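One structure is given below, encoded as structure tokens.
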Amino acid sequence: MTDDNQGKLSLAYTSIAVGVVIIVLGVPLWWVTTEVYRAPLPYNRIAQLAFLQPQSVVPVEVVWLTKGEGVTEESTKLSELLKANLKSASSDNMTIIDYIITTRVGNEMEMEIVKENLIALNELDRKLGALNPESQGFRFYLLRPSQIKSPINRIYVGSYYSTFIVLNDGERYESFATKIQLVVKDIYVNEKVLRNTVTSILGFREKKADVESMRAIRSTDSYQLSFTLINPEPHNLIAKWKIADAIRIYLDPFLKALKDFSSFTIDSQVLYYSGLSIRPSQDSATGSYYLTPRLLPRVINSIESRLGSHATNNPAANFILYVPETKFKNLHIRTSKNDSRMTYSFISPRWGGFIIDSKAHNALNTSKVYEVDLKEAMDIFVAHLKLLLGIPKISMSGDKRLEFGKSDVGLSKWEYSCLLRRRTLENVASANQTLTSLAKLLEEITNIVISDRIKELINLSIEELHKSLDFMKSGDNARAFAHSKTAVTNSEKAFFDASLLELLYFPSDQKFAVYVPLFLPISLPILQSLYHAIRFLYRQRKDKQKKE
1 MTDDNQGKLS LAYTSIAVGV VIIVLGVPLW WVTTEVYRAP LPYNRIAQLA
51 FLQPQSVVPV EVVWLTKGEG VTEESTKLSE LLKANLKSAS SDNMTIIDYI
101 ITTRVGNEME MEIVKENLIA LNELDRKLGA LNPESQGFRF YLLRPSQIKS
151 PINRIYVGSY YSTFIVLNDG ERYESFATKI QLVVKDIYVN EKVLRNTVTS
201 ILGFREKKAD VESMRAIRST DSYQLSFTLI NPEPHNLIAK WKIADAIRIY
251 LDPFLKALKD FSSFTIDSQV LYYSGLSIRP SQDSATGSYY LTPRLLPRVI
301 NSIESRLGSH ATNNPAANFI LYVPETKFKN LHIRTSKNDS RMTYSFISPR
351 WGGFIIDSKA HNALNTSKVY EVDLKEAMDI FVAHLKLLLG IPKISMSGDK
401 RLEFGKSDVG LSKWEYSCLL RRRTLENVAS ANQTLTSLAK LLEEITNIVI
451 SDRIKELINL SIEELHKSLD FMKSGDNARA FAHSKTAVTN SEKAFFDASL
501 LELLYFPSDQ KFAVYVPLFL PISLPILQSL YHAIRFLYRQ RKDKQKKE
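Residue 480 in the UniProt record's numbering sits at position 480 of the sequence shown; the count goes up by one each step and never skips.
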């Protein structure tokens, strides 16, 4: 064999070796290293979430604090009538609330408290509330006028979990049922708001916008509260406020009552020479100035850019106390131009509250220094904050039978229970929608990497979601809310995890355009040399056979 043939033979073997290495080792190695890792997800369990219907159990106990013949028989009839009325109140196919009705005669401790000579209802509420400070349900006490200091036919909604109904002598159980149903449905539970929340879970659309949902800030682990005093003319009037003391005295007790609901961070500031960029209208008869609802959004826009940005990603609520310019005499708010009724505050949905302090101009007659009355202002701000957090406003001023007890901290126990029940449903809805959207996205885009962390977050969110629903059915609002908050937090962490996008490979229809410029210049010479090597060896073998 000549040296030339020996060289060609070596070249052929080399080409074949290179081709075999590329095909046997290179291609599988490239395939494995570019494979998209997708941890298995519980798609079936996520799909079943759409069929879950949350249901909250509400225990309702009726306690007779009166003695007499027929009480046992009246109790039985009252219980049956209440069950029928509360069940028929939910006329659609969704049973959001499951009412557990029980009736009994007052126990020895309760009857001993009522024996006190003509006790006031607020004092009775305080003493009976101390017996069951953390009740899971609501209790209705039925009394006669001779037992307490209260007008006849009065309904007193206490600051704990109790309602006191003062009855006329000879009043029948049908009247009791109507009064109890009124308080349970429209005050304690607020079924309308809950029903709107559940319809969002099941994907239905409301014909009318839900005012409560539009006004409330989304539920979160922490909120930022910012208080701002705006003094546009400090050269004419210096407004001062002791905001730190006011927060400690009036706001901290309220926030402490919400410590298991969320945490709050607070800041404050004073802005000088920052007036409104709009001119209010003037009443020609009185000379006073006023703003109409149409101008209120422009009021917010004119000051929002001057408030500064918040150094947090948590939802923020702004509370503005505005001291008007001296030229705007008695600045106030009217519902319309021809309406003489005045108000000095308003709330902006999901943004905050605004107070106009027109009393400051009275200080000009005596001094240029004005001390803001923060007790009145903080009462208004707390009322605004309750609405922004989702605590419903009970508007039953037309019903003269109703009277509401005042809590020392500005938040009744039943209001807190209503807040937890509503926010639990919202968290369940949000977690459900987030998990469903994420599963649909990951099924449609098969090139998204699904890490084990994403899998763990999704599984944990599903588990917490089921735990929340179980505690709702047992009537434990606090635990149901805690698990729902964990569920929505983990679902959002999974949905917004950066690894879902940072390792996203090219879609299938673009792979050809990506890999052809990369592999074509490499693969063609290798395939061509492999072809020539095989052909050379074949000829060598054929020539050898002819010689033999």
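By construction, the Cβ of each residue, glycine as well, lies at the ideal position given by its N, Cα and C atoms. Keep in mind it's a predicted model, so treat the numbers as computed, not measured.
The beta carbon of H361 is closer than 8 Å to those of L237, P324, T326, K329 and N330 in its chain, skipping five residues each way along the sequence. Burial check for W30: the Cβ neighbour count within 10 Å stays below 16, so the residue is exposed. When P232, A316, I243 and V372 are compared, the shortest CA-CA separation from Y223 is found for A316. Beta-bridge analysis with DSSP links E403 to Y156.
Sequence-distant Cβ neighbours of S268 in its own chain, meaning closer than 6 Å and more than five residues away, are F227 and I243. The Cβ atoms of T103 and V58 do not sit closer than 7 Å to each other. A distance of 7 Å or more separates the beta carbons of Y43 and A431.
Of the candidates M378, K185, V114 and D452, K185 places its Cα closest to the Cα of L82.
Bridge pairing for K149: A120 [DSSP]. Counting other Cβ atoms within 10 Å of its Cβ, A120 stays below 16 and is therefore classed as exposed. Taking 8 Å as the upper bound for CB-CB distance, H483 and S499 are not in contact here, some 26 Å apart. With fewer than 16 neighbouring CB atoms inside 10 Å of its own CB, N168 falls in the exposed class. Taking C-beta atoms under 8 Å as the contact rule, L143 and V166 qualify, at a distance of about 6 Å. Counted as a single uninterrupted DSSP element, the stretch harbouring D98 is not any alpha helix (DSSP H) but the beta strand (DSSP E) occupying residues I97 to V105. One Cα belongs to P145, the other to S135, and the distance between them is close to 27 Å. Approximately 6 Å separates the beta-carbon atoms of T434 and E492; this is inside 8 Å, confirming the contact. Straight-line spacing of the CA atoms in K115 and Q147 works out to 7 Å.
Annotation note: the region 293 to 331 contains the following uninterrupted alpha helix (DSSP H) runs of length 4 or greater, listed N- to C-terminal: 296 to 304.
Non-local beta-carbon contacts of T66 in its own chain, meaning distances under 6 Å to residues more than five positions away in sequence, involve R144 in chain order. Here L291 is buried: its Cβ has 16 or more other Cβ atoms, across all protein chains shown, within 10 Å. For K8, the CB contacts under 8 Å within the same chain, skipping 5 residues up- and downstream, are F536 in chain order. The alpha carbon of Y370 has as its nearest neighbour, out of P521, R172 and W241, the alpha carbon of W241. In the DSSP assignment, A429 falls within the alpha helix (DSSP H) that extends over K413 to E444.
In the DSSP annotation of this structure, the continuous segment of the beta strand (DSSP E) that includes F346 starts and ends at S345 to S348.
By the Cβ neighbour-count rule, S305 is exposed, with fewer than 16 other Cβ atoms within 10 Å of its own.
For S263, the enclosing beta strand (DSSP E) covers residues S263 to Y272.
Within its own chain, the residues whose Cβ lies closer than 7 Å to the Cβ of P349, once the five positions on either side in sequence are excluded, are M214 and R215, listed in chain order. Annotated three-state conformation of S175 is helix, per DSSP. Ranked by Cα distance from Y250, the first of I303, H332 and F381 is F381. Here P253 has V409 as same chain residues with Cβ atoms under 6 Å from its own Cβ, once five neighbours each way along the sequence are excluded.
Looking from the CA of N427, the closest CA among Y37, Q181 and M472 belongs to M472.
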